[in-house]
Amino acid sequence: MQDKPIDKEDILKELAEIHELDYDYADGRILGSMCTEAHPFAKEVYCKFLDTNLGDPGLFKGTKFIENEVVKSIGELLSLDEAYGNIVTGGTEANIMAIRAARNHARKYKGIVDGEIIIPESAHFSFKKAADMLNLKIVEAALDENYKIDVDSLKNVISDKTVAIVAIAGTTELGLIDPIEEISKIAHENNIYFHVDAAFGGFSIPFLKELGYDLPVFDFSLPGVCSITVDPHKMGLAPIPAGGIIFRKEEYLEVMAVDSPYLTVKTQSTIVGTRLGASSAATYAIMKYFGRQGYCKLAAQLMENTQFFNEGLKEIGYEVICEPELNIVAFNHPNMDTDVLAEKLEDLDWKVSVAKCPRAIRVVLMNHIKKEHLKKLLEDLKEIY
Ligand SMILES: *Cc1c(COP(=O)(O)O)cnc(C)c1O
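Going left to right, the sequence shown walks through residues 352 to 736 as my numbering numbers them.
1) Taking only runs of the alpha helix (DSSP H) that begin and end inside the stretch 509-553, which ones reach a length of at least 4 residues, in chain order?
2) Hey, is the stretch 402-417 in contact with the stretch 569-583, meaning 3+ C-beta pairs nearer than 8 Å?
3) Could you give the residue range of the alpha helix (DSSP H) that holds C577?
4) For G383 and K355, I'd like the C-alpha separation in whole angstroms.
5) Could I get the ranges of all uninterrupted alpha helix (DSSP H) runs contained in the stretch 634-714, with 4 residues as the minimum, in chain order?
6) Going by the beta-carbon positions, is the gap between A449 and I597 smaller than 7 Å?
7) Residues in its own chain within less than 7 Å of L494 by CB, not counting five upstream and five downstream?
8) Helix or strand or just coil, what does DSSP make of A492?
9) Measuring CA to CA, which of L429, R380 and L485 is closest to M717?
10) Kindly list the residues whose CB is nearer than 6 Å to the CB of A633, restricted to its own chain and excluding five residues on each side of it in sequence; keep chain order.
11) Are the stretch 456-468 and the stretch 424-436 touching, with three or more C-beta to C-beta distances below 8 Å?
12) Let me check you understand the geometry: is the CB of M385 closer than 6 Å to at least one non-hydrogen atom of ligand 1?
13) Is the stretch 705-716 touching the stretch 352-370 in the sense that three or more CB pairs, one from each, lie closer than 8 Å?
14) Rounded to whole angstroms, how far is the Cβ of T618 from the Cβ of A608, which I believe are closer than 8 Å?
15) Say the cut is 6 Å; is the CB of F551 nearer than that to a heavy atom of ligand 1?
16) DSSP state of F598, grouped into three classes?
17) Please tell me whether, using a cut-off of 6 Å, the distance from the CB of S477 to the nearest non-hydrogen atom of ligand 1 is below it.
18) Could you tell me which of K479, G442 and E674 sits nearest to M385, measuring between CA atoms?
19) Between the stretch 548-564 and the stretch 666-680, can you find at least three pairs of beta-carbon atoms closer than 8 Å?
20) Where does T414 sit, in a helix, a strand or coil, going by DSSP?
21) Would you identify the three-state DSSP class for I381, choosing helix, strand or coil?
22) How many Å lie between D740 and E532 at the Cα?
23) Along the chain, where does the alpha helix (DSSP H) containing V439 start, and where does it finish?
24) Judging by CA-CA distance, which residue of P592, L372 and Y544 is the nearest neighbour of S630?
25) Would you tell me roughly how many angstroms separate the C-alpha atoms of V508 and L485, rounded to the nearest one?
26) Helix, strand or coil, according to DSSP, for V609 in the structure here?
27) If T403 sits next to T414, beta carbons under 8 Å apart, how far is it from one beta carbon to the other, in whole angstroms?
28) Along the chain, where does the alpha helix (DSSP H) that runs through E472 open and close?
Written out as structure tokens, the structure is:
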């Protein structure tokens, strides 16, 4: 730090210059991100709650009420009348909380000490962090030819050490939904904690179903589902950081509770201590402002763009990995290596993302990617080959 204070103007000018290095969603060139520009109204509300601290809810009763309301609303969206949980920093923290709840529950009620979690090969890397932090072993369930959990493979790896089974509603790489109904049954029969990671899909699948899209059931209407991760900062258009962890029962929070002596509440179940209320307030605001109708409109628009891009790719000779279930398209060219294709796109200033399972260019059709950007991208792709 320098010795003397610097004028605000000068600091702002310097920061603006540095900020120029960042890509801007509005340019439509960020193709692989699951985040997007937050809605302006959500950002406005966010700024009003910057000083609130949900780590000490006795001091911020209003903001705590807002968090509870958001959890309740997301719970309702997921067919749960009485929801428990928190608005956290994102899908990673939500998944860590779910796995921690499962581990502690299994330790308390089944005496399992060296636990294992079963995750699909398509699971987000946040589960690796969770397993590492919580001292659990990861056991992978194989995928079938459609890149979804192979249920027989899953059954085969269940053991008396299994503390949780994880399935995905909207995989990070392909946007696919695992056979959650079948897995819920298996988990229920075996009395094993079942977590659904809908970080990406949670804010679109319910709305697409409402619009008549033929998508499978993935939520708390299935009795085996114990918790669901949903990220407001992805398809919910809330500012970063906003993740949601929703539990079916309060006991899953209770098994994680530790004493919090100097605070206004006696115990705390979240990983983070001092934590922002701004995310809850912004998510509350955007959910009210959009309503189900607003999110239905958004989901439908993004699926229309997805189909437009999907068809356009096939017309110019590219191969898609699978027909999209949500707003993600993954593709390759039959005569070109994926990495070479990615490099050529990067040379044309597209910010692409490469999926690893299977290797393919992956485009997440978020709200900042408009039809005009897709037309330009298709032109470039045609040119490349
Ligand atoms: C994005 C994502 C995560 C991680 O969420 P962060 O908000 O980046 O921490 C976890 N699971 C799935 C399925 C995701 O798509």
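Think of the CB as a built atom: it goes at the ideal place given N, C-alpha and C, for glycine as much as any other residue. All values reported here derive from a predicted model rather than from experimental measurement.
Quick answer:
1) 531-540
2) no
3) Per DSSP, C577 belongs to no alpha helix (DSSP H); it is in the beta strand (DSSP E), V576 to V581.
4) 42 Å
5) 689-698
6) no
7) P471, E472, S473, I500 and D501
8) strand
9) R380
10) A393, V396, Y397, A589 and P590
11) no
12) M385: yes, Cβ under 6 Å from ligand 1.
13) no
14) 4 Å
15) yes
16) strand
17) yes
18) G442
19) yes
20) DSSP places T414 in helix when its eight states are reduced to three.
21) strand
22) Any question about residue 740 goes unanswered here, given that the chain covers just 352 to 736.
23) Annotation for V439: no alpha helix (DSSP H) segment contains it, though the beta strand (DSSP E) segment containing it runs Y435 to V439.
24) P592
25) Rounded to the nearest angstrom, the two C-alpha atoms are 20 Å apart.
26) strand
27) 4 Å
28) Here E472 belongs to no alpha helix (DSSP H), and DSSP marks it neither H nor E.
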